[in-house]
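These notes concern the structure reproduced below.
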């Protein structure tokens, strides 16, 4: 099967899976079997495309033409290949975890849950393979709409209110800012195709460059730059598998992925660097990075603390892109994968603790590590990776980000990265310390969560370790987006 055909199958498989899941209403075993088979099949298709892209191929297929010169088109390049691998691979472990979590908590509307999850993954695949900004925008919006029922899954007043915040901010920013920037780009450049070196050089100049960049960066609401980040903490009312989807598998990763695509393939890093009109983005990203970490320190609810941690970690990627240096761009791209594995591990652990003990507040977790040692050990590994300590994957992405800041001559941002990592320690490691060393041995009968919850968090924790030792392969794949050989 040719690469273009495989790309079409990458869209079709989760879409077909969603239909089959809906047809499995009332038959949970069949529904979950379909979910797992669909996830494994999708990952197999995506994995089969890696050698082509790794070797320098850029498979391309046009789906249909909307207007002359304006197509819905798929093109697979290194950044999209990485995002597709992360999203499809983590869908497998998230599906396993969802089975354990949803059954243990006896959640309702499970068929709708799995079907919307499959549609969200299909839209993430479309975004990853988008060949132009219009295609990316289309799948970006489908991702927003398909995850809304997941955010409001419980259907209570709090869920509905949070869902309004989620949908209002993400649709509002994308329609009023991002779509405006896309139309503006089309009018001045005559194309929306993702092109190496960008398409705006010589098409726009002066302060208008900074204005268009503002429209894009704040139109990509899923990147959660402050102050349009509130949708992300609000969405924590959803079940934990949805939180994992939002933070690690698809949603926020689609946001920072889009930021990188716009800077690298729409503006062009060299064009922005020479113009000087992107400097403001560095400072906004740095402020978001530090402020979100400080807010995380104040949160006693574990999922809320992790949500603000994600706002901070997304700003690492945006800051890496805004530094406009090859190493910072590649480091930001690597951080998408490194953070995905670290953060999904942390959310899996938070959900496992909730399933096993009903505890959601950090202050209530004294001694829980002695009753749930596997879960807390995985939480420790995920934390160390997010902090950026070897031998875990986050160490490499933060290393390249710091090198990029040095190359750009911005030592202050090296300090920002270091201070943020210390804040990561301050809001994550006390949870581990509490769990293992505080409180009494009276666990009230608490034991590890069901095996379908525990196995996935062990796998993703192991993934944090593997990413450290295989970071060179990831760097080689992503080097072309920073202007290096690939």
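In our numbering, the protein residues as written are 20 to 505.
Positions of the beta carbon are idealized from the N, C-alpha and C atoms, including for glycine.
Just so it is clear, the structure is predicted and the values come from calculations on it, not from any experiment.
**OP:** For the segment 34–120, list the alpha helix (DSSP H) runs that are entirely contained and at least 4 residues long, ordered along the chain.
**Re:** 47–73
Subject >> the segment 214–234 touching the segment 272–288, judged by at least three CB pairs closer than 8 Å >> reply: yes
Original post:
For residue 397, which residues of its own chain have a beta-carbon under 7 Å away from its beta-carbon, when the five flanking residues on both sides are left out?
Top reply: By 1-based counting over the chain shown, the position of residue 397 is 378. Excluding residues within five positions, the ones whose Cβ falls inside 7 Å are 364, 368, 476, 477, 480.
Original post:
For residue 256, does the count of other Cβ atoms within 10 angstroms reach 16, so buried, or fall short, so exposed?
Top reply: Working through the chain shown from its first residue, we reach residue 256 at position 237. Under this definition residue 256 is a buried residue.
**OP:** Would you mind working out which of 265, 432, 93 sits nearest residue 303, comparing C-alpha positions?
**Re:** Numbered from 1 along the chain shown, position 284 holds the residue referred to as residue 303. When only C-alpha atoms are compared, the closest one is 432.
Original post:
By Cβ distance, which residues of its chain are closer than 7 Å to residue 237, with the 5 residues on each side in sequence left out?
Top reply: In the chain shown, residue 237 corresponds to position 218, counting from 1. So the qualifying residues of the chain are 192, 196, 244, 247.
Original post:
What did DSSP end up calling residue 443 once you bin it into helix, strand or coil?
Top reply: Walking along the chain shown from the start, residue 443 turns up at place 424. In this structure, residue 443 counts as helix in the three-state DSSP scheme.
Subject >> Pairwise C-alpha distance: residue 170 and residue 371 >> reply: As a first step, residue 371 is located in the chain shown; it is residue number 352 there, counting from the start. As a first step, residue 170 is located in the chain shown; it is residue number 151 there, counting from the start. In a straight line, the C-alpha of residue 371 is about 19 Å away from that of residue 170.
Subject >> Contiguous beta strand (DSSP E) assignments of at least 3 residues, all confined to the segment 380–438 >> reply: none
Original post:
Is the segment 106–120 touching the segment 134–143 in the sense that three or more CB pairs, one from each, lie closer than 8 Å?
Top reply: yes
Subject >> Residues that DSSP places opposite residue 212 in a beta bridge >> reply: Here residue 212 refers to the residue found at position 193 when the chain shown is read from its first residue. DSSP output for residue 212 lists 151 as bridge partner(s).
Original post:
Can you tell me where the alpha helix (DSSP H) with residue 494 in it begins and where it stops?
Top reply: Counted from its first residue, the chain shown places residue 494 at position 475. Taken as a continuous stretch (DSSP letters only), the alpha helix (DSSP H) holding residue 494 covers 490–497.
Original post:
How would you call residue 470, buried or exposed, if buried means at least 16 neighbouring beta carbons within 10 angstroms?
Top reply: For the purposes of this step, residue 470 is identified with residue 451 of the chain shown, where counting begins at 1. Counting Cβ neighbours within 10 Å, residue 470 comes out exposed, since fewer than 16 surround it.
**OP:** Output the distance between the C-alpha atoms of residue 446 and residue 223, rounded to the nearest integer angstrom.
**Re:** Counting from one through the chain shown, the residue named residue 446 turns up at place 427. Counting from one through the chain shown, the residue named residue 223 turns up at place 204. Cα-Cα distance, rounded: 43 Å.
Subject >> Member of 308, 381, 298, 392 whose CA lies at the smallest distance from the CA of residue 441 >> reply: Working through the chain shown from its first residue, we reach residue 441 at position 422. For the residues 308, 381, 298, 392, the minimum Cα distance to residue 441 belongs to 308.
Subject >> Proximity winner among 161, 435, 159, 412, relative to residue 488 (alpha-carbon distances) >> reply: Walking along the chain shown from the start, residue 488 turns up at place 469. It is 412 whose Cα lies nearest to the Cα of residue 488.
**OP:** With distances taken Cα to Cα, identify the nearest neighbour of residue 134 among 152, 124, 114, 262.
**Re:** Within the chain shown, the letter at position 115 stands for residue 134. Nearest option by C-alpha distance: 114.
**OP:** Taking residue 344 and residue 415 to be in contact with their CB atoms under 8 Å, please state how far apart those CB atoms are, rounded to whole angstroms.
**Re:** As a first step, residue 344 is located in the chain shown; it is residue number 325 there, counting from the start. As a first step, residue 415 is located in the chain shown; it is residue number 396 there, counting from the start. Residue 344 to residue 415, Cβ: 16 Å. No contact.
**OP:** Provide the residue span of the alpha helix (DSSP H) that contains residue 340, from first to last.
**Re:** Here residue 340 corresponds to residue number 321 of the chain shown, with the count starting at 1. Residue 340 -> alpha helix (DSSP H) spans 321–342.
Subject >> Under the three-state DSSP convention, the category residue 504 falls into >> reply: Numbered from 1 along the chain shown, position 485 holds the residue referred to as residue 504. Reliability fails at residue 504, whose pLDDT of 49 lies under 50, so the model's placement of it is uncertain and no value is given.
**OP:** Can you tell me which of 151, 148, 178, 239 puts its alpha carbon nearest to the alpha carbon of residue 190?
**Re:** Position 171 of the chain shown, counting from 1, holds the residue named residue 190. Out of 151, 148, 178, 239, 239 has the C-alpha closest to the C-alpha of residue 190.
Original post:
For residue 439 versus residue 347, is the C-beta distance shorter than 8 Å?
Top reply: Here residue 439 corresponds to residue number 420 of the chain shown, with the count starting at 1. Here residue 347 corresponds to residue number 328 of the chain shown, with the count starting at 1. In this structure, residue 347 does not lie closer than 8 Å to residue 439 by Cβ.
**OP:** May I have the straight-line CA-CA distance separating residue 24 from residue 32, to the nearest angstrom?
**Re:** By 1-based counting over the chain shown, the position of residue 24 is 5. By 1-based counting over the chain shown, the position of residue 32 is 13. So the two alpha carbons sit approximately 12 Å from each other.
Original post:
Mind checking residue 466: buried by the 16 CB within 10 Å criterion, or exposed?
Top reply: The count along the chain shown starts at 1 and reaches residue 466 at position 447. Residue 466 is exposed by the Cβ-count criterion.
**OP:** Would you kindly check if the distance between the Cβ of residue 162 and the Cβ of residue 273 is under 8 Å?
**Re:** Here residue 273 refers to the residue found at position 254 of the chain shown. Here residue 162 refers to the residue found at position 143 of the chain shown. Yes, they are a contact pair.
**OP:** Would you identify the three-state DSSP class for residue 244, choosing helix, strand or coil?
**Re:** Looking up residue 244 in the chain shown gives position 225. Three-state result, residue 244: coil.
Original post:
Helix, strand or coil: how does DSSP classify residue 127 here?
Top reply: Your numbering for residue 127 matches position 108 in the chain shown. DSSP places residue 127 in coil when its eight states are reduced to three.
**OP:** List the endpoints of the continuous alpha helix (DSSP H) containing residue 176.
**Re:** Position 157 of the chain shown holds residue 176. Its alpha helix (DSSP H) spans residues 176–192.
Original post:
Looking at the structure shown, is residue 358 part of a helix, part of a strand, or coil, going by DSSP?
Top reply: Translated into positions along the chain shown, residue 358 becomes position 339. Note: residue 358 maps to helix in three-state DSSP.
**OP:** List the whole-angstrom C-beta distance separating residue 150 from residue 89, where the pair is believed to meet the contact cut-off of C-beta under 8 Å.
**Re:** On the chain shown, position 131 is the one that residue 150 refers to. On the chain shown, position 70 is the one that residue 89 refers to. The pair is not a contact, with the Cβ atoms about 11 Å apart (cut-off 8 Å).
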